[in-house]
Amino acid sequence: MGAVTRNAPKHDIDEAGIEVHQPKTWAAGIPGVAVSLARGVEQMGAARTVRTLRLLNQRDGFDCPGCAWPEPREVDGEHRKLAEFCENGAKAVAEEATKRRVGPEFFAQHPVAELAGKTDYWLGQQGRLTHPMVLREGGTHYEPVTWDEAFGLLADQLNSLSTPDEAIFYTSGRTSNEAAFAYQLLVRSFGTNNLPDCSNMCHESSGAALSTTTGIGKGSVSLADIHRSDLIVVVGQNPGTNHPRMLSALEEAKKNGAKIIAVNPLPEAGLMRFKNPQNVRGVVGKGSPLADEFAQIRLGGDLALFQAIGHLLLAWEEAAPGTVVDQDFLDGSTDGYAEYAAAIKDLDWAEVDEATGLDREQIVRLARMIAESERTVYCWAMGLTQHKHAVPTIKEVANVALLRGMIGKPGAGLCPVRGHSNVQGDRTMGVWEKMPESFMDSLDEEFSITVPRKHGWDTVDSIRAMRDGTGKVFFAMGGNFASATPDSDLTAQALRACEMTVQVSTKLNRSHVVPGRTALILPTLGRTERDVQAGGEQFVSVEDSMSAVHTSRGRLAPASDCLLSEVAIVCRLARKVLGEDHAVPWRDFEADYDLIRDRIARVVPGCQDYNARVREPDGFVLPNAPRDSRQFTGTKTGKATFTANELEYPALPAGRLLLQTMRSHDQYNTTIYGLSDRYRGIEDGRRVVFVNPEDLADLNFGDGELVDLVSEWDGAERRAERFRVVAYPTARGCAAAYFPEANALVPLDSVADTSNTPASKSIVVRLTAPR
Ligand SMILES: Nc1nc2c(c(=O)[nH]1)N[C@H]1C(S)=C(S)[C@@H](COP(=O)(O)OP(=O)(O)OC[C@H]3O[C@@H](n4cnc5c(=O)[nH]c(N)nc54)[C@H](O)[C@@H]3O)O[C@H]1N2
Ligand SMILES: Nc1nc2c(c(=O)[nH]1)N[C@H]1C(S)=C(S)[C@@H](COP(=O)(O)OP(=O)(O)OC[C@H]3O[C@@H](n4cnc5c(=O)[nH]c(N)nc54)[C@H](O)[C@@H]3O)O[C@H]1N2
Ligand SMILES: [Mo]
């Protein structure tokens with residue numbers, strides 16, 4: 001039990017030591033392999049590194065706790081590699097399988113007030129949490145507490161609320177299907193739909209747009225479709241860092257003759273060239289060029305770009321009828337085409353120029369490639385979802401796909417690339433503040449209970465509620481709410497105003513040190529660890545970005561004897577909160593997860609016979625009508641739906657920059673693995689702001705200067721201090737800094753229409769001399 005404690009860094013980040021080098025023009029290859037092994041050995045020693053990585057993403061092993069990119073499926077004629085993981089997946093595993101420990105002695109040594117002054121990096125590097133801990137009202141330090149007392153304290157607090165709606169139950173996307181299903185059942189049995197999740201800040205905009213256009217809030221491609229496509233459009237996504245295994249899929253598609261268009265304000269290394277560490281050419285050669293066209297778009301210019309592409313496609317169709325538009329598909333399977341065509345007929349090109357910053361010839365070239373492609377896949381991530389006009393932007397991408405009939409046929413489709421490894425599965429299992437009525441009905445029927453129908457709070461509304469005193473208990477199933485959310489100072493005050501905050505976590509993070517009046521830390525097992533219950537050793541299941549459901553079985557000894565699994569935490573808490581004679585057999589659920597899966601099979605659409613099918617070697621794929629049969633049963637009209645949208649893009653006042661907040665190559669969201677953003681040339685620091693050199697000249701700032709970033713929103717200012725300016729080839733008028741350091745600048749009310757996702761990719765800022 002944690003006998004070996006590897007040393008955690010004593011010192012925090014020294015930004016004075018930051019180094020800035022030339023950015024790289026290619027991704028992965030030897031440095032990637034070397035870095036992943038070094039990080040593993042640093043955190044867990046050599047033997048454990050080899051043993052652990054051997055099981056990563058293998059059929060008898062555990063699902064990578066990194067991103068949601070799918071594994072190859074034998075049934076589709078695809079084969080898993082001996083090392084089916086990437087540099088950043090290996091880092092994610094090293095973080096979890098680390099031998100460093102944060103136990104009661106650590107908390108006795110460090111008062112909470114001191115810990116609150118540390119960076120997310122320092123906190124995360126201290127290691128795995130080993131004991132349940134409590135911070136009592138008025139206390140200065142966390143103290144050990146028994147599980148039983150911890151659940152008792154929380155149950156008393158919950159049961160003393162004047163309504164269950166005063167409690168908020170957050171989820172991060174690493175939670176397994178079994179834990180997620182049990183958790184939402186507990187929350188709804190208790191009496192609320194306040195189930196915000198990380199998806200609210202992530203692909204909520206994709207879900208909102210796609211449920212209107214295709215009738216299902218998920219993508220409509222499989223890995224095989226990517227391999228078979230002849231054109232892949234990657235918009236607002238940095239796969240080299242955030243979905244590195246996707247580069248292998250892009251490389252394979254290229255080998256089969258596909259072309260790639262990259263649309264991004266930054267020339268991300270992983271979009272330019274790829275050296276595949278899995279083959280000899282990738283290790284010693286120059287690697288393969290990836291993007292055939294790189295469109296260096298301005299932040300938030302994508303809606304205009306896709307309207308322009310749609311406009312050109314229609315103009316060419318008009319000039320030569322029957323050559324561009326897929327008329328059969330349009331006539332038979334879609335709705336709303338006439339309104340859409342009318343809306344983009346009179347396109348204002350001056351606005352397109354202003355919004356995109358692209359050459360008109362390039363837009364024409366992109367539209368040509370799209371017009372000539374027989375099988376196009378559109379991939380996107382946070383570069384599209386985190387803007388005020390995110391939902392209509394994604395609808396415009398869908399419009400272009402629909403025009404050419406690029407959905408529900410091999411090698412084509414829409415592919416929102418998900419973040420957290422089980423964020424999609426959590427939603428399927430009911431973690432959503434506005435699950436449909438039909439799901440609630442099934443829960444009622446299956447368990448003979450009555451769950452509430454009133455929609456709950458999402459992430460932004462939860463922060464508002466805690467700020468206003470209507471949200472009083474905050475419970476988090478994983479994640480790091482304090483750092484991941486916008487408006488860091490306001491959110492911290494909101495959390496501190498709660499009666500009680502509770503974090504179910506594997507590792508120390510900021511959310512533990514921004515506590516409510518009373519705070520609990522409930523340490524839990526990670527993906528990599530063996531999960532033994534009364535009914536024997538358990539496995540869990542997850543769903544990837546392409547709707548494939550499969551098992552994940554941990555193999556390592558748990559980080560401490562005191563850890564409980566997420567399922568056990570939910571079930572024990574439920575018994576305390578709801579009483580021992582509740583309609584749901586919580587004790588049995590905890591002992592044997594098969595019993596939870598039996599219920600999932602009866603409640604969750606598409607999950608019939610779950611226990612048997614998930615045990616198939618590759619698991620099973622959830623039904624997806626648009627992809628499987630070109631059916632759009634989920635839309636209002638039962639057809640794929642074109643939409644007409646206003647041309648919208650972020651306004652940029654004179655002397656200001658539009659700032660995006662993004663991930664470095666050395667972090668997983670708020671977990672900072674290290675200080676190397678290798679591809680962008682940044683080492684040993686994180687407080688940098690990337691700005692185009694011509695903008696710097698216009699604004700009278702120089703490369704290497706220290707500045708404060710001041711965001712301006714609705715008459716109020718927010719400040720993030722002491723960032724080093726890095727002259728960088730980003731699009732004009734645009735800047736970039738890392739999440740979560742820059743989250744203080746994102747105003748709580750600056751959100752995407754419809755999806756309520758924080759607009760953290762378009763913050764109006766000015767640079768000023770440091771205060
Ligand atoms: N190693 C690692 N893997 C991860 C994560 C991690 O933190 N680390 N996080 C996981 C999660 S939860 C998620 S959601 C995904 C995130 O995956 P990404 O979406 O790739 O993550 P970001 O770093 O936010 O990068 C956004 C990309 O979009 C571009 N972009 C920003 N604004 C715009 C715009 O307006 N238009 C266009 N066209 N491009 C734009 C940026 O330049 C950047 O390349 O990754 C997942 N995988
Ligand atoms: N400014 C800005 N803000 C953003 C974004 C952005 O691009 N810009 N991106 C947004 C996006 S896309 C997302 S998804 C959110 C992420 O928001 P979250 O999901 O809340 O944050 P993470 O950093 O992924 O959570 C990390 C913590 O999860 C815990 N953890 C890890 N594994 C497990 C596990 O197996 N079980 C449990 N119980 N806990 C575990 C650890 O304690 C770790 O400290 O952030 C959002 N915030
Ligand atoms: Mo995400």
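Numbering (UniProt numbering), first residue to last: 1 to 771. Each residue gets a CB set at the ideal place from its N, CA and C atoms; glycine is no exception. Please read these numbers as outputs of a predicted model, since none were measured by experiment.
Valine 233 sits close to threonine 376, with the two beta carbons spaced by under 8 Å.
Residue Ala258 holds the alpha-carbon nearest to the alpha-carbon of glutamate 374 among Ala258, Asn480, Lys10, Glu293. Proximity to leucine 210 across Arg680, Tyr378, Ala291 peaks at Tyr378, based on C-alpha coordinates. Between aspartate 598 and glutamine 533, the C-beta gap is not smaller than 8 Å, which leaves the two residues out of contact. At least one heavy atom of ligand 2 lies closer than 7 Å to the C-beta of glutamine 386. One residue after another in chain order, those with a Cβ under 5 Å from a heavy atom of ligand 3 are Cys202, Gly419.
For alanine 735, the enclosing beta strand (DSSP E) stretches over residues 734 to 738.
Judged by pairs of C-beta atoms under 8 Å, the stretch 708 to 717 does not touch the stretch 165 to 179, as fewer than three such pairs exist. In the three-state scheme derived from DSSP, where H, G and I count as helix and E and B as strand, proline 523 is classed as strand.
The Cβ-Cβ distance between glutamate 96 and threonine 506 falls below 8 Å.
Distance from the CA atom of glutamate 616 to the CA atom of asparagine 57, rounded to whole angstroms, is 15 Å. Annotation for asparagine 264 indicates a beta carbon within 7 Å of some heavy atom of ligand 1. In this model, valine 417 and alanine 108 are separated by some 42 Å (Cα to Cα). From the listed residues Arg555, Gly638, Ala548, the smallest Cα separation to phenylalanine 539 is found for Arg555.
In the three-state reduction of the DSSP assignment, isoleucine 232 falls in the strand class.
DSSP places histidine 550 in the uninterrupted beta strand (DSSP E) bounded by 548 to 552.
By the 16-neighbour rule on beta-carbons within 10 angstroms, glycine 479 is buried.
In this structure, ligand 1 has a non-hydrogen atom nearer than 7 Å to the beta-carbon of histidine 243. Counting only the Cα atoms, alanine 92 lies some 15 Å from alanine 34. Assignment of beta-bridge partners to leucine 250 by DSSP yields no partner. Lysine 507 has its CB no nearer than 7 Å to any heavy atom of ligand 1.
With respect to the C-alpha of cysteine 86, the residue from Arg100, Val75, Cys562, Trp69 having the closest C-alpha is Trp69. Tryptophan 713 carries a strand assignment under DSSP once its states are collapsed to helix, strand and coil. In the displayed model, tyrosine 170 falls within a strand according to three-state DSSP. DSSP lists Cys734, Val764 as the bridge partner or partners of leucine 658. Judged by their CB atoms, asparagine 645 and lysine 395 are nearer to each other than the 8 Å cut-off.
Excluding residues up to 5 positions away in sequence, Ala94, Thr98 lie with their Cβ nearer than 6 Å to the Cβ of glutamine 43 in the same chain. In the structure shown, glutamine 503 adopts extended strand secondary structure according to DSSP, grouped into three states. Using a Cβ-Cβ distance cut-off of 8 Å, the stretch 8 to 19 and the stretch 680 to 691 are in contact, since at least three pairs of beta carbons, one from each stretch, lie closer than that value. Cβ-Cβ distances below 7 Å link phenylalanine 329 to Gly405 in the same chain, with the five nearest sequence neighbours on each side left out; the list follows chain order. Glycine 536: member of the beta strand (DSSP E) spanning 536 to 538, first to last residue. Contact fails between the stretch 135 to 149 and the stretch 485 to 497, because fewer than three Cβ pairs, one in each stretch, are under 8 Å apart. Around the C-beta of threonine 146, fewer than 16 other C-beta atoms lie within 10 Å, and the residue is accordingly described as exposed. According to the DSSP secondary-structure assignment, glutamate 19 is paired through a beta bridge with Glu683.
Taking 7 Å as the cut-off, one finds at least one heavy atom of ligand 1 near enough to the beta carbon of aspartate 302.
In the DSSP assignment, the residues bridged to valine 473 are Ala167, Met500.
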